[in-house]
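Undergrad:
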Amino acid sequence: MQNSVTPTHCPYCALQCGMNLAPTPDGGVAVVERPDFPVNRGALCGKGRTAPAVLAPGARLTSPLVRSAGTLVPAGWDEALDRVAEGLRRTRAAHGPDACGVFGGGGLTNEKAYGLGKFARIVLGTSQIDYNGRFCMSSAAAAGTRAFGLDRGLPFPLADIPRTGCVILVGSNLAETMPPALRFFSELRENGGTLIVVDPRRTRTAEQADLHLAPRPGTDLALALGLLHLVVAEGRVDEEYVRERTAGWEDARAAAMAHWPEYVERITGVSVPQLREAVRLFCEPEHAMVLTARGPEQQAKGTDTVGAWINLCLATGRAGRPLSGYGCLTGQGNGQGGREHGQKADQLPGYRKLDDPAARRHVAEVWGVDPDSLPGPGRSAYELLDALGGDIRSLLLMGSNPVVSAPRAAHVEERIRSLDFLAVCDVVLSETAELADVVLPVTQWAEETGTTTSLEGRVLLRRRAITPPAGVRSDLEVLHGLAARLGGESGLEKGFPTDPEEVFEELRRASAGGPADYSGISYRRLAEENGVFWPCPAAPGDGPGGRGDSGGRGDSGGRGDSGAWEGPGAPDDSANVSPGAAPGGHERARDEDAGRTSQAGTPPARDEDADSTPSRDEDTRGTPVRDEDTRGTPHPGTPRLFLDRFATPDGRARFVPVSHRASAEEPDGEYPVLLTTGRVVAQYQSGAQTRRVAELNAAAPGPFVELHPRLAARLGVRDGDPLAVVSRRGRAVAPARVTDAIRPDTVFMPFHWPGEGRANTLTNPALDPVSRMPEFKTCAVRVEAVKPS
Ligand code: SF4
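Residue numbers are given in full-length UniProt numbering: position 67 of the sequence shown equals residue 67, and the series is strictly consecutive.
Here it is, written out as structure tokens:
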């Protein structure tokens, strides 16, 4: 183990706060402030602060488990891996490769996500792979790709937020989901900017807003259209920008003009004066942003809903301009990187499309296989889970807990129970792992090195700080072991190294030239520069495998002594090279945000990010780094996208005409109330980790049903009384929490718990036609007082 502190990042959300880990006398680690990471400057929420608790032997798995006579019992690694290989082999032989499913997670490192996608496609030969990130931000990804030609959660750093004039934050309660991020919005207001929060609840985030709009759940699309209508009617369209940088305005304009403010008020419940005030606040400053999160995205019309907010940005000339634009606040720790490297049903590494022949050729060459042997796109996450026990007979699941986190969870649980074979790789015995035939206990964040990509598109290095318990192995070792067993004499396992840095080097080659180009990023640079924003193409002669490759030492991710990276070298001086116009290309320009050189433990005088004023060297715009002066100069990464052109063939952003439509399930006589779901600050996602932390459990011990006093009075319930919430999919019971912070027509439940309070028993799996996102955020329910028996 290390004697000194190890700089790394939190294992939980997409903010990926920096933290230092210091050794403790009992062989564990303690979290120590890491002020040099500019995003959180040392601040952490309770989840990050207490994360080491999940490393303790009592909280996590330390031995493989195999099912014997109906019970999970400890087993050796060879026996467990043999059982998994045999289960998958038998399914493939009996039903074909597509009968084997693979389900990944947005918490997996880039190396694991890459390895899992490769494993599915060239070892199992299955098309049936997707991941839980589909449930996170896929609607924003689809809408961003449709409008801009490329999706990267935030196309600008968080540090731009305090310097813009107005932010509309749609469906994000970041005061609870990522509290350290709140300071960007506090600074925005201190600087004279305004914050508009759109949320059906008066959340802790909404309480900080200058204007809170509380639409009925599922009507964000109409709200955005109403705002765009007023932008047109009040003559606030940026005509020159629309003419020069966009396409499709007339159709989008016509669609918006059909949404009169009074009509929008009737649909959303947001008054016309509030709509007018929002337009004034958004349009008057020179710069403004719209940021969305799960509220508008987790709808069966999520792609169009996000598209409507993007249209608002485009009509007002906000996107692709300094200190302005549209961005998505991705949720899971590696939700961004997880969708870029091949565990998504329709994608290959580098954010390439699986049905693109050129992309298939490129990745197949890196993998050393015939492009024609790669399967095509498979089912999306919910569709895959829904097919379990049907077409899909066996499942390998890594880093996800769908029994709690999937929509219509009781049905998903039933489908999982009907499988012929289930193998789960996890850190803890989650509710899904409890149903497995084999459970493989794997290393976690502080025990392994690997990269993640934050919601800013900043690739980061998580470092190993502690030796894992003897009974656990890394996910990469699991893939290697299974490839060896399933590949026979072919030597397939050689394509699945267990050293994360070796995997990253291959990922760099696989991503080279793709939209998410990581080829210019190395572990050494990540350590020295505190992260690098993609796209970051390799400089000529300096690509993966070439000169200037990682000078760092990786680790096996398995047992052994500390492998914390100790890379040499002074930081490079590439700060004067700036973001590219289109992904895959890059230009010389000035951008102080790039090439940061702060070292661990050296607090900057100020946030370097915040000091940067994005600008461009007009003389060199569009000049690739090919000349003698710059040959071999590392690309600095791309903090800001789209400043010159969008990533579409003609460089123009696309308006998409969208119109209001009802949610998949609207209230009726039988189910008269709307349910919306979300998170609380002390728990994370399905709670598989955070429910095992005593301090977090004490702060948030169980689910609740938030309802308005008027609804409570109608039901005759008081605060704390048990309430049953019933939808067409099932029933959940939890104590009432009566508050006027929610609309009278809506109830709210957090979704972190299993059992009778499982909120996802109720949620609707109706899918967005483009993103295949389920409608987590709204469904019709009835609420009943539970009579004492
Ligand atoms: Fe930061 Fe998110 Fe971790 Fe909290 S959970 S410390 S906000 S990365």
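C-beta: ideal position from N, C-alpha, C; glycine also.
Within 8 Å, do at least three Cβ pairs link the segment 391-410 to the segment 117-135?
TA: The answer is yes - the segment 391-410 touches the segment 117-135, with three or more Cβ pairs under 8 Å.
Undergrad: Just to confirm my understanding: we take Ala-256, look at its own chain, exclude 5 residues before and 5 after, and list those with CB closer than 6 Å. What are they?
TA: Leu-225, Leu-228 and His-229.
Undergrad: Which complete beta strand (DSSP E) runs does the segment 666-705 hold, if anything under 3 residues is left out?
TA: For the segment 666-705, whole beta strand (DSSP E) runs of length 3 or above, ordered along the chain, are 673-678.
Undergrad: Is the beta carbon of Leu-767 sitting closer than 8 Å to the one on Ala-85?
TA: Cβ atoms of Leu-767 and Ala-85: not closer than 8 Å.
Undergrad: From the DSSP output, in three-state form, read off Thr-62 for me.
TA: If DSSP states are grouped into helix, strand and coil, Thr-62 belongs with coil.
Undergrad: Anyone know if the C-beta pair for Thr-50 and Val-680 falls short of 8 Å?
TA: The answer is no: Cβ separation not under 8 Å.
Undergrad: Using DSSP with H/G/I as helix, E/B as strand and the rest coil, what is Val-733?
TA: Of the three classes helix, strand and coil, the one that applies to Val-733 here is strand, per DSSP.
Undergrad: Looking only at C-alpha atoms, which of His-480, Glu-414 and Thr-8 sits nearest to Arg-34?
TA: Measuring from the Cα of Arg-34, the nearest candidate turns out to be Thr-8.
Undergrad: Expressed to the nearest angstrom, what Euclidean distance is found between the alpha-carbon atoms of Val-279 and Val-231?
TA: Answer to the nearest angstrom: the Cα atoms are 7 Å apart.
Undergrad: Do three or more CB pairs link the segment 655-675 to the segment 764-782 at distances below 8 Å?
TA: The answer is yes - the segment 764-782 touches the segment 655-675, with three or more Cβ pairs under 8 Å.
Undergrad: On a CA-only basis, which of Leu-211, His-411 and Ala-14 is nearest Arg-731? Give me that one, please.
TA: Out of Leu-211, His-411 and Ala-14, His-411 has the C-alpha closest to the C-alpha of Arg-731.
Undergrad: Please state if the CB of Ala-345 and the CB of Asp-130 are separated by a distance shorter than 8 Å.
TA: Taking 8 Å as the Cβ cut-off, Asp-130 and Ala-345 qualify as a contacting pair.
Undergrad: Going by C-alpha to C-alpha distance, which of His-635, Ala-653 and Thr-633 sits closest to Phe-642?
TA: Answer by Cα proximity: Ala-653.
Undergrad: Go through the segment 272-344 residue by residue and report every complete run of the beta strand (DSSP E) that reaches 3 residues or more, in order.
TA: Qualifying beta strand (DSSP E) stretches, in chain order: 289-292 and 325-328.
Undergrad: Can you find the residues in the same chain that come closer than 6 Å, C-beta to C-beta, to Leu-72, ignoring five residues on each side of it along the sequence?
TA: Excluding sequence neighbours, Leu-72 sits near Leu-65.
Undergrad: What residues are listed by DSSP as bridge partners for Ala-780?
TA: Answer is Leu-674, bridged to Ala-780.
Undergrad: Between Met-137 and the ligand SF4, is the CB less than 7 Å from at least one heavy atom?
TA: No; taking the cut-off as 7 Å, the Cβ of Met-137 has no heavy atom of the ligand SF4 nearer than that.
Undergrad: Compute the minimum distance between the beta carbon of Leu-15 and the heavy atoms of the ligand SF4, and state whether it is under 7 Å.
TA: Because some heavy atom of the ligand SF4 lies under 7 Å away, the Cβ of Leu-15 counts as near it: yes.
Undergrad: Taking all protein chains shown into account, do 16 or more other C-beta atoms lie within 10 angstroms of the C-beta of Lys-47, making it buried, or fewer, making it exposed?
TA: Looking at its Cβ environment, which holds 16 or more other Cβ atoms inside 10 Å, Lys-47 is buried.
Undergrad: In three-state DSSP terms, what is Ala-80?
TA: In the structure shown, Ala-80 sits in a helix (DSSP, three-state: H, G or I).
Undergrad: Is the segment 363-377 touching the segment 710-721, taking contact as three or more C-beta pairs under 8 Å?
TA: The segment 363-377, when compared against the segment 710-721, does not touch it at the 8 Å Cβ threshold.
Undergrad: Select from Thr-268, Leu-21, Arg-691 and Arg-163 the residue whose C-alpha is nearest the C-alpha of Arg-661.
TA: If we check each option's Cα against that of Arg-661, Thr-268 comes out closest.
Undergrad: Between the segment 446-455 and the segment 465-473, can you find at least three pairs of beta-carbon atoms closer than 8 Å?
TA: With a cut-off of 8 Å, the segment 446-455 and the segment 465-473 count as touching, because enough Cβ pairs lie within range.
Undergrad: In the DSSP assignment, the alpha helix (DSSP H) including His-229 goes from what residue to what residue?
TA: Unbroken alpha helix (DSSP H) run through His-229: 220-233.
Undergrad: Would you decide whether Thr-194 is buried or exposed? Buried here means 16 or more other CB atoms lie within 10 Å of its CB.
TA: It is buried - the Cβ of Thr-194 has at least 16 other Cβ atoms within 10 Å.
Undergrad: Could you have a look at Arg-463 and say whether DSSP puts it in helix, strand or coil?
TA: Coil.
Undergrad: Is the beta carbon of Pro-180 closer than 8 Å to that of Ala-43?
TA: For Ala-43 and Pro-180, yes; Cβs fall inside 8 Å.
Undergrad: DSSP state of Ser-68, grouped into three classes?
TA: Strand, per DSSP.
Undergrad: State the DSSP-derived secondary structure class of Asn-764, mapped to helix, strand or coil.
TA: Strand.
Undergrad: Might you give, ordered along the chain, the residues of its own chain that have their beta carbon closer than 7 Å to the beta carbon of Asp-619, omitting 5 neighbours on each side?
TA: Summary for Asp-619: the model assigns pLDDT 30, below 50, so the residue's position carries little reliability; its value from the coordinates is reported in the next sentence. Hits under 7 Å: none found.
Undergrad: Heavy atom of the ligand SF4 less than 7 Å from the Cβ of Cys-328, yes or no?
TA: No, the ligand SF4 has no heavy atom inside 7 Å of this Cβ.
Undergrad: Quick one: grab the DSSP three-state call for Gly-18.
TA: Note: Gly-18 maps to strand in three-state DSSP.
Undergrad: What did DSSP end up calling Lys-787 once you bin it into helix, strand or coil?
TA: Looking at Lys-787 - three-state DSSP - the assignment turns out to be coil, as it is neither helix nor strand.
Undergrad: Judging by CA-CA distance, which residue of Trp-753, Ala-647 and Leu-707 is the nearest neighbour of Ala-147?
TA: Selected option, being the one with the closest Cα: Ala-647.
Undergrad: Taking DSSP's pairing of strands, which residues face Gly-125 in a bridge?
TA: None; Gly-125 has no bridge partner.
Undergrad: Does the segment 703-716 come close enough to the segment 428-438 that 3 or more CB-CB pairs lie under 8 Å?
TA: No, they do not touch.
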